[in-house]
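Notes for the one structure printed next.
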Amino acid sequence: MHNEVPTSSAGKPPIHLIGEDYDIIAGLALGIERRSPALSKMLLDEIDRAQICERGALPPDVVALGSEVEFLDVETGARRLVQLGRGSRSTGPPRTGARACSGS
0 MHNEVPTSSA GKPPIHLIGE DYDIIAGLAL GIERRSPALS KMLLDEIDRA
50 QICERGALPP DVVALGSEVE FLDVETGARR LVQLGRGSRS TGPPRTGARA
100 CSGS
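Each residue of the sequence shown is one higher than the last, beginning at 0 in numbering that gives the first Met the number 0.
The following block contains the structure:
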């Protein structure tokens, strides 16, 4: 069974980001701009179409940096739990915020 993901008018799945995560990803994208301009542009284009939310207003089926996600290998049945991280610059758990979510 496959879960259908609703898509935006451009045919891409919707993106919801917490403002803090937007800033982190934008910083990473700008940091690689000289050595990987195509990747930098792709990341910036993707986050620019995101709906920006406060952590408490994220839809229940959306994960963010700091979220724990369980992956299931449908072939083997193996499960793996991972925490979406920020690499070596992580400074602890993301902050919580108000329950407001705005369009891009």
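Idealized CB from N, CA, C, for every residue including glycine.
Note that the coordinates shown come from a computational prediction; the quantities given were computed from them, not determined experimentally.
Where the alpha helix (DSSP H) containing residue i begins and where it ends
i, result
"isoleucine 17", "Not the alpha helix (DSSP H): isoleucine 17 falls in the beta strand (DSSP E), residues 15-17."
"leucine 42", "36-47"
CB-CB length for residue i against residue j, believed under 8 Å
i, j, result
"isoleucine 14", "alanine 49", "4 Å"
"valine 68", "leucine 83", "6 Å"
"phenylalanine 70", "valine 81", "7 Å"
"alanine 25", "isoleucine 51", "Wrong, their Cβ atoms sit about 11 Å apart, outside the cutoff."
Boundaries (first-last residue) of the beta strand (DSSP E) holding residue i
i, result
"glutamate 69", "67-71"
"isoleucine 51", "50-52"
"leucine 80", "78-82"
Residues near residue i in its chain [Cβ-Cβ closer than 7 Å; skip 5 each side]
i, result
"threonine 95", "Because threonine 95 carries a pLDDT of 36, less than 50, the predicted location of this residue cannot be relied on, and no value is offered for it."
"tyrosine 21", "Ile46, Ala49 and Ile51"
"isoleucine 31", "Leu38 and Ser39"
Same chain, Cβ closer than 8 Å to residue i, neighbours up to 5 away in sequence not counted
i, result
"leucine 57", "His15, Ile17, Ala63 and Cys100"
"alanine 77", "Leu71"
"serine 66", "Gln82 and Leu83"
Residues of its chain near residue i, where Cβ-Cβ distance is below 6 Å and the 5 sequence neighbours each way are ignored
i, result
"alanine 28", "Ser39, Leu42 and Leu43"
"isoleucine 79", "According to the sequence provided, residue 79 is arginine. The question's isoleucine does not apply to it. Answer for arginine 79: Phe70, listed in chain order."
Opposing strand residues paired with residue i [DSSP bridges]
i, result
"valine 61", "DSSP output for valine 61 lists no bridge partner at all."
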